[in-house]
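Participant: Numbering (our numbering), first residue to last: 1354 to 1851.
C-beta: ideal position from N, C-alpha, C; glycine also.
It should be emphasised that the depicted structure is a prediction, and the values quoted were computed from it without experimental measurement.
I'd like to ask you about the structure that follows.
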């Protein structure tokens, strides 16, 4: 008897990846992807037109359908994960607000979020499990409304990247707890929409009722629309399931869902997370307002919870540097590891997408430094930021039983080894496996009550590099000190010149 096939979609901050998995072996049967053509501007704008995004989704899915051929008839279910935050608001007809999807790396709302943080960061964290940050839906909405007070008069539904994909596939409008809580829209205790989290947008149309209905990840959404099936080579009526934020999807894809499991996602954002115990300790973290935690993530309507410590850019730094130096991503990493540890004294602060007052920059740059040194400094800065965040989570009282390296950067074992060396512990990684899409496929299987364990990724164990433990222990301490020392300089840089 032929096994079921599950399709997982992952709409990340950089690209869309779709893969079909064999339900018995977990093997990848078909996969395709495409870069998202984000429009960027000096204002901090980062968005993509809906007229581009919708066809892109259907085109990549059609590539997977074509690769499956006759086996497309065996597809049992589909689900999507996606980047968190940003702004995905649609009207009654399903058209995006101003016909744009806005990325979570959009920085136009930075002045608004910084001002709100100074006034209400503690109170907001105690209620919704996160302070304000520029890529939140409410902050982006506040920025838009400040320029166009009537901007959201036609708004009908607020949801997230993965939910927009699901609407394209089956027409349903819903979201899950992981995305809504990461964005700071849910009360962390009641797990319901928080009115004051919407009020900060200062727009009459921006109300809790705008948020799509909440469902658990892995619950049914609706059937694949006939017109979508016809354009993708798939069967009409395939069940579509609720997914999750891409972090949770990637962690599910490698089985990192137990208390003590910790992950660094080497992707566009510097995302770091620890699965917390289900023991009521969430109240302690909310009341403490620890700077070691940036987001309290609710995983379902019950009691599962995850804690995050994030920054707006990780591999976005190497993407920028590669483009500037005219090196592909693999070429940049190869160049980095052609330079010695420490990059001949060059340091890099990895805040290319901002972070409070911070911005990116090289420190110690001199005439003898090469682009290999620049690449090495950037890579070391990115991994040091991950290590600092992971140590912050551990210092807050969250156990680190197992550490996983996920995301596109984890495809290169040298990056996972550098993380292992910085933290002096072993790292588990799926390597080049698309763990986000795999996790989405597991949510799809779960929606039918099918077994998910066979779909779980095979893991590799990466050990710290012998002979470099002491060096990188000192490097990490130096990196942390530089961040502290640079704070007043960043503040001065952000003061406008008359």
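1. Measure the alpha-carbon distance for residue 1425 versus residue 1638 and round it to whole angstroms.
2. Rounded to whole angstroms, what's the CA-CA distance from residue 1849 to residue 1507? Just pull it up for me.
3. Could you give the distance in angstroms between the alpha-carbon of residue 1598 and the alpha-carbon of residue 1720?
4. Could you give the first and the last residue of the continuous beta strand (DSSP E) run that contains residue 1568?
5. Tell me where the alpha helix (DSSP H) around residue 1608 begins and ends.
6. By Cβ distance below 6 angstroms, which residues in the same chain neighbour residue 1627 in space, the five residues on each side in sequence not counted?
7. Is residue 1452 buried or exposed, if buried means 16 or more other CB atoms sit within 10 Å of its CB?
8. Ignoring anything shorter than 4 residues or poking outside the region 1522–1562, list the alpha helix (DSSP H) runs there in chain order.
9. Is residue 1756 helix, strand or coil by DSSP?
10. Quick check on residue 1585: buried or exposed, where buried means 16 or more other Cβ atoms within 10 Å of its Cβ?
11. What's the C-alpha gap between residue 1655 and residue 1542?
12. In whole angstroms, what is the alpha-carbon distance linking residue 1694 and residue 1617?
13. Can you confirm whether the region 1434–1443 touches the region 1510–1530 when touching is taken to mean that 3 or more C-beta pairs between the two stretches lie within less than 8 angstroms?
14. Residue 1374 by DSSP, collapsed to three states: which one?
15. Using the three-state DSSP reduction, which class does residue 1416 fall into: helix, strand or coil?
16. Quick one: what does DSSP say residue 1817 is sitting in, helix, strand or coil?
17. Counting along the chain, where does the beta strand (DSSP E) carrying residue 1773 start and finish?
18. Since residue 1458 contacts residue 1763 with CB under 8 angstroms, what's their CB separation in whole angstroms?
19. Could you pull out every unbroken alpha helix (DSSP H) segment of at least 4 residues lying fully inside the region 1639–1724, listed in chain order?
20. Taking residue 1510 as the reference, give the member of 1479, 1485, 1460, 1567 with the closest Cα.
21. Can you tell which of 1749, 1684, 1622 has its C-alpha closest to the C-alpha of residue 1704?
22. Could you tell me which whole alpha helix (DSSP H) segments of length 4 or greater appear in the region 1390–1441?
23. Looking at C-alpha atoms only, which residue of 1398, 1397, 1391 is the closest neighbour of residue 1406?
24. Do you know offhand how far residue 1469's Cα is from residue 1484's?
25. Would you say residue 1480 and residue 1650 are within 8 angstroms of each other, going by their C-beta atoms?
26. Residue 1734 by DSSP, collapsed to three states: which one?
27. Exposed or buried, which one is residue 1486 when buried takes at least 16 other CB atoms within 10 Å?
28. Please name the residue or residues paired with residue 1368 in a DSSP beta bridge.
29. Excluding sequence positions up to five away, which residues of its chain have a Cβ less than 8 angstroms from the Cβ of residue 1461?
30. Taking the alpha carbon of residue 1688 as the reference point, which residue from 1714, 1569, 1724 has its own alpha carbon closest?
31. Determine contact between the region 1800–1808 and the region 1373–1383, defined as no fewer than three beta-carbon pairs at a distance below 8 angstroms.
32. Going by C-alpha distance, which of 1840, 1532, 1748, 1587 is nearest residue 1653?
33. One question on the structure: do residue 1769 and residue 1782 come within less than 8 angstroms of each other, judged by their Cβ atoms?
34. So, with DSSP's three-state summary, where would you put residue 1458?
35. Determine the direct distance from the alpha carbon of residue 1419 to that of residue 1385, and round the result to whole angstroms.
36. Could you pull the DSSP bridge partners for residue 1361 from this structure?
Facilitator: On the basis of the supplied data:
1. Here residue 1425 refers to the residue found at position 72 when the chain shown is read from its first residue. Here residue 1638 refers to the residue found at position 285 when the chain shown is read from its first residue. About 46 angstroms.
2. As a first step, residue 1849 is located in the chain shown; it is residue number 496 there, counting from the start. As a first step, residue 1507 is located in the chain shown; it is residue number 154 there, counting from the start. Looking at the two C-alpha atoms, the distance is approximately 36 angstroms.
3. In the chain shown, residue 1598 corresponds to position 245, counting from 1. In the chain shown, residue 1720 corresponds to position 367, counting from 1. Approximately 44 angstroms, taken between the alpha carbons.
4. Here the question's residue 1568 lines up with position 215 in the chain shown. Counting along the chain, the beta strand (DSSP E) containing residue 1568 begins and ends at 1566–1568.
5. Taking the chain shown and counting its residues from 1, one reaches residue 1608 at position 255. No alpha helix (DSSP H) holds residue 1608; DSSP gives it neither H nor E.
6. To locate residue 1627, count along the chain shown from 1; it is residue 274. Excluding sequence neighbours, residue 1627 sits near 1615, 1660, 1746, 1751.
7. As a position in the chain shown, residue 1452 is number 99, starting the count at 1. Exposed is the call here.
8. 1530–1535, 1548–1552
9. As a position in the chain shown, residue 1756 is number 403, starting the count at 1. Correct three-state label for residue 1756: strand.
10. Reading the chain shown from its first residue, position 232 is the one you call residue 1585. Its Cβ being crowded by 16 or more others within 10 Å, residue 1585 is buried.
11. To locate residue 1655, count along the chain shown from 1; it is residue 302. To locate residue 1542, count along the chain shown from 1; it is residue 189. Computed Cα separation, rounded: 10 angstroms.
12. Residue mapping note: residue 1694 aligns to position 341 of the chain shown, counting from 1. Residue mapping note: residue 1617 aligns to position 264 of the chain shown, counting from 1. Between residue 1694 and residue 1617, the C-alpha separation is close to 21 angstroms.
13. yes
14. As a first step, residue 1374 must be located in the chain shown, where it is residue number 21. Three-state DSSP puts residue 1374 in a strand.
15. In the chain shown, residue 1416 corresponds to position 63, counting from 1. Residue 1416 falls in the helix class under three-state DSSP.
16. One-based indexing of the chain shown puts residue 1817 at position 464. Three-state result, residue 1817: coil.
17. As a working mapping, residue 1773 is identified with position 420 in the chain shown. Residue 1773 -> not in any beta strand (DSSP E); alpha helix (DSSP H) instead, spanning 1766–1776.
18. Here residue 1458 refers to the residue found at position 105 of the chain shown. Here residue 1763 refers to the residue found at position 410 of the chain shown. Going by Cβ atoms, the distance from residue 1458 to residue 1763 rounds to 20 angstroms, so no, they are not a contact pair.
19. 1668–1678, 1682–1689
20. For the purposes of this step, residue 1510 is taken as residue 157 along the chain shown, with counting starting at 1. Out of 1479, 1485, 1460, 1567, 1567 has the C-alpha closest to the C-alpha of residue 1510.
21. Residue numbering aside, residue 1704 sits at position 351 when the chain shown is read from its first letter. Selected option, being the one with the closest Cα: 1622.
22. 1403–1421
23. Along the chain shown, read from residue 1 onward, the residue named residue 1406 stands at position 53. Among 1398, 1397, 1391, the Cα nearest to that of residue 1406 belongs to 1391.
24. Within the chain shown, residue 1469 is the residue found at index 116, counting from 1. Within the chain shown, residue 1484 is the residue found at index 131, counting from 1. Straight-line Cα distance between these residues: approximately 9 angstroms.
25. For the purposes of this step, residue 1480 is taken as the residue at position 127 of the chain shown. For the purposes of this step, residue 1650 is taken as the residue at position 297 of the chain shown. No.
26. Indexing the chain shown from 1 puts residue 1734 at position 381. Of the three classes helix, strand and coil, the one that applies to residue 1734 here is helix, per DSSP.
27. In the chain shown, the residue the question calls residue 1486 occupies position 133. Counting Cβ neighbours within 10 Å, residue 1486 comes out buried, since at least 16 surround it.
28. On the chain shown, residue 1368 is found 15 positions in, with the first residue counted as 1. Per DSSP, 1388.
29. Locating residue 1461 in the chain shown gives position 108, where the first residue counts as 1. Closer than 8 angstroms at Cβ, skipping near neighbours: 1396, 1397, 1398, 1487, 1493, 1496.
30. Counting from 1 along the chain shown, the entry for residue 1688 is found at position 335. The residue with the shortest Cα to Cα distance from residue 1688 is 1724.
31. yes
32. For the purposes of this step, residue 1653 is taken as the residue at position 300 of the chain shown. Minimum Cα distance to residue 1653 is reached at 1532.
33. The residue given as residue 1769 occupies position 416 in the chain shown. The residue given as residue 1782 occupies position 429 in the chain shown. It is a contact, given that the beta carbons lie within the stated cut-off.
34. Reading the chain shown from its first residue, position 105 is the one you call residue 1458. In the structure shown, residue 1458 sits in coil (DSSP, three-state: anything other than H, G, I, E or B).
35. Working through the chain shown from its first residue, we reach residue 1385 at position 32. Working through the chain shown from its first residue, we reach residue 1419 at position 66. Approximately 10 angstroms, taken between the alpha carbons.
36. Within the chain shown, numbered from 1, the residue matching residue 1361 stands at position 8. DSSP lists 1372, 1432 as partners of residue 1361.
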